[in-house]
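Numbering (the working numbering), first residue to last: 20 to 372. Structure, as structure tokens:
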Amino acid sequence: MSSEDKNSCRAWRINNPGNVVANLELVTIPCPSAEAIGKNEVLVRVTSASIWRGDWWPVEMGGAHKIMGVSFPRSPGMDFGGHVVAVGRKVVGVKPGDAVFGRMDPFKQGSLSEYVVAPSDGVAVLQRGISPREAGAAGTASLAAYQSMAPYVQEGDHVLINGGSGGVGTFAIQIAKALGCHVTVTCSTDKVPLCSELGADSIINYNKENVMAALRQRGKVFAHVVDNVVGSPSDLFPGCDDIMLPGKKRYYVSVGSGINISSVVNTNVGTMLPSWLGGSKHKWKPLVVANSHDDLAQIAKWMAEKKVRTVVDSTFAFDEVPDAFSRHKKGSMAGKILIDVAAVDTAGVDKME
Numbered sequence: 020m021s022s023e024d025k026n027s028c029r030a031w032r033i034n035n036p037g038n039v040v041a042n043l044e045l046v047t048i049p050c051p052s053a054e055a056i057g058k059n060e061v062l063v064r065v066t067s068a069s070i071w072r073g074d075w076w077p078v079e080m081g082g083a084h085k086i087m088g089v090s091f092p093r094s095p096g097m098d099f100g101g102h103v104v105a106v107g108r109k110v111v112g113v114k115p116g117d118a119v120f121g122r123m124d125p126f127k128q129g130s131l132s133e134y135v136v137a138p139s140d141g142v143a144v145l146q147r148g149i150s151p152r153e154a155g156a157a158g159t160a161s162l163a164a165y166q167s168m169a170p171y172v173q174e175g176d177h178v179l180i181n182g183g184s185g186g187v188g189t190f191a192i193q194i195a196k197a198l199g200c201h202v203t204v205t206c207s208t209d210k211v212p213l214c215s216e217l218g219a220d221s222i223i224n225y226n227k228e229n230v231m232a233a234l235r236q237r238g239k240v241f242a243h244v245v246d247n248v249v250g251s252p253s254d255l256f257p258g259c260d261d262i263m264l265p266g267k268k269r270y271y272v273s274v275g276s277g278i279n280i281s282s283v284v285n286t287n288v289g290t291m292l293p294s295w296l297g298g299s300k301h302k303w304k305p306l307v308v309a310n311s312h313d314d315l316a317q318i319a320k321w322m323a324e325k326k327v328r329t330v331v332d333s334t335f336a337f338d339e340v341p342d343a344f345s346r347h348k349k350g351s352m353a354g355k356i357l358i359d360v361a362a363v364d365t366a367g368v369d370k371m372e
């Protein structure tokens, strides 16, 4: 495995269900070896990582975690940025030494570790000059933003992004603009400057305006809706016929819809009912994020072109992971939480870069 070969590394583990902060433990584990990785896998020395809601809410659901197939101990963390140590024999386009970012296999999480083995379809190379540090928080959120829009929109389309300031929302604004769309977002008062800076053309401040009333004033102009705040406002999907372009069935994509079961049921009922009973003429689609090398490569290209960047809400050292989870659970984040797995210098650069 070259000069980086080592027998052990540090990783975070959740030992039991319940309060995630109380059950986190930093442990020493055997370091994955180059010889043991699969033919389509990539061994990465991690510079930075990030967390998402799926790392903690199943842990705190009581006995429901068994129904969801969540077992313990479990390794948290989905996203990472770092440098390639070794690649499987069938991996192409990625080589040792490359700076990369990406996303773990959803069924084999664990990016909060000094070394990870990731599937090659969840890894993309970063062009020179793009640090894997901030890209380490991009994987899942940027893929969600891309996959919720790119298959459905064309240049010039008007797109509504409900919830523009969170992890997915901040990427969604930038990606929609990179795709040539006119972007309307919803956000709170304190997030208006951020959404404007990211390129939103029109902003609805839900602290000051009724969202649906403001949207109806704009007319039936939207070709596509991305809902990052499922269930708020509760009348958004039921009212989408009033705001979406007529003429053909269009898509209303819910991101993270599994979090709020009641809102998903209500939305799905609206999809099944005929329009004369209050149902929608348009198609509701819950997003299931899928690893895609091509999608990540496109996002990496936009990063190099300065069209897309990671918005960082807060940064934590590797031994501060419990604090990072506490921050995530409080919500109302502007962008993503970044966790420095490798030591960084005073300029925030991985000392081994």
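Cβ atoms here follow ideal geometry from the backbone N, Cα and C, with glycine treated the same way. Since the model is a prediction, treat every value here as computed from it, not as a measurement.
At a cut-off of 4 residues, the continuous stretches assigned as alpha helix (DSSP H) that sit fully inside the region 152-184 are 158-166. Proximity to residue 54 across 226, 96, 104 and 357 peaks at 104, based on C-alpha coordinates. With a 10 Å radius around the Cβ and a threshold of 16 neighbouring Cβ atoms, residue 90 comes out exposed.
Taking the Cα positions, residue 318 is about 30 Å away from residue 239. Contiguous beta strand (DSSP E) elements confined to the region 214-256 occur at 221-224 and 243-246, taking only those with 3 or more residues.
Looking at the backbone, the Cα of residue 235 and that of residue 204 are separated by about 14 Å. Burial check for residue 167: the Cβ neighbour count within 10 Å reaches 16 or more, so the residue is buried.
DSSP, read as helix, strand or coil, puts residue 120 in strand. Between the C-alpha atoms of residue 262 and residue 128 there is a straight-line separation of about 39 Å.
In this structure, the CA atom of residue 325 is about 43 Å from the CA atom of residue 86. Between residue 160 and residue 119, the gap from beta carbon to beta carbon reaches 8 Å or more.
Per DSSP, residue 341 lies in no beta strand (DSSP E); the unbroken alpha helix (DSSP H) holding it starts and ends at 340-349. A straight-line Cα-Cα distance of about 46 Å links residue 259 and residue 57. Distance from the Cα of residue 349 is smallest, within the candidate group 336, 332, 338 and 362, for 332.
The C-beta separation of residue 154 from residue 100 comes to about 4 Å, placing the pair in contact by the 8 Å criterion.
Exposure of residue 126 is indicated by the presence of fewer than 16 other C-beta atoms within 10 angstroms of its C-beta.
By the Cβ rule, the region 335-344 does not count as touching the region 177-191, because fewer than three pairs are nearer than 8 Å. Of all alpha-carbon atoms in 329, 223 and 94, the one lying nearest the alpha-carbon of residue 217 is that of 329. In summary, residue 269 is buried, with 16 or more beta-carbon neighbours lying within 10 Å of its beta-carbon over all protein chains present. Of 27, 76 and 152, the smallest CA-CA separation from residue 335 is found for 152. Of the candidates 147, 199, 31 and 117, the residue whose Cα lies closest to the Cα of residue 97 is 31. Within the same chain, 33, 34 and 35 come within 6 Å of residue 42 by CB-CB distance, once the 5 residues on both sides are set aside.
Counting other Cβ atoms within 10 Å of its Cβ, residue 232 stays below 16 and is therefore classed as exposed.
A straight line joining the alpha-carbon of residue 70 with that of residue 314 spans about 20 Å. Bridge pairing for residue 263: 241 [DSSP]. For residue 38, same chain residues with a beta-carbon under 6 Å away, outside a window of 5 residues either side, do not exist. Remark: C-beta atoms of residue 47 and residue 72 do not approach each other more closely than 8 Å.
Taking 8 Å as the cut-off, the beta carbon of residue 302 is found closer than this to the beta carbon of residue 271.
Partner residues in the beta bridge of residue 44, as assigned by DSSP, are 32.
The C-alpha of residue 252 lies about 13 Å from the C-alpha of residue 207. Taking the C-beta atoms as reference points, residue 183 is found nearer than 8 Å to residue 219.
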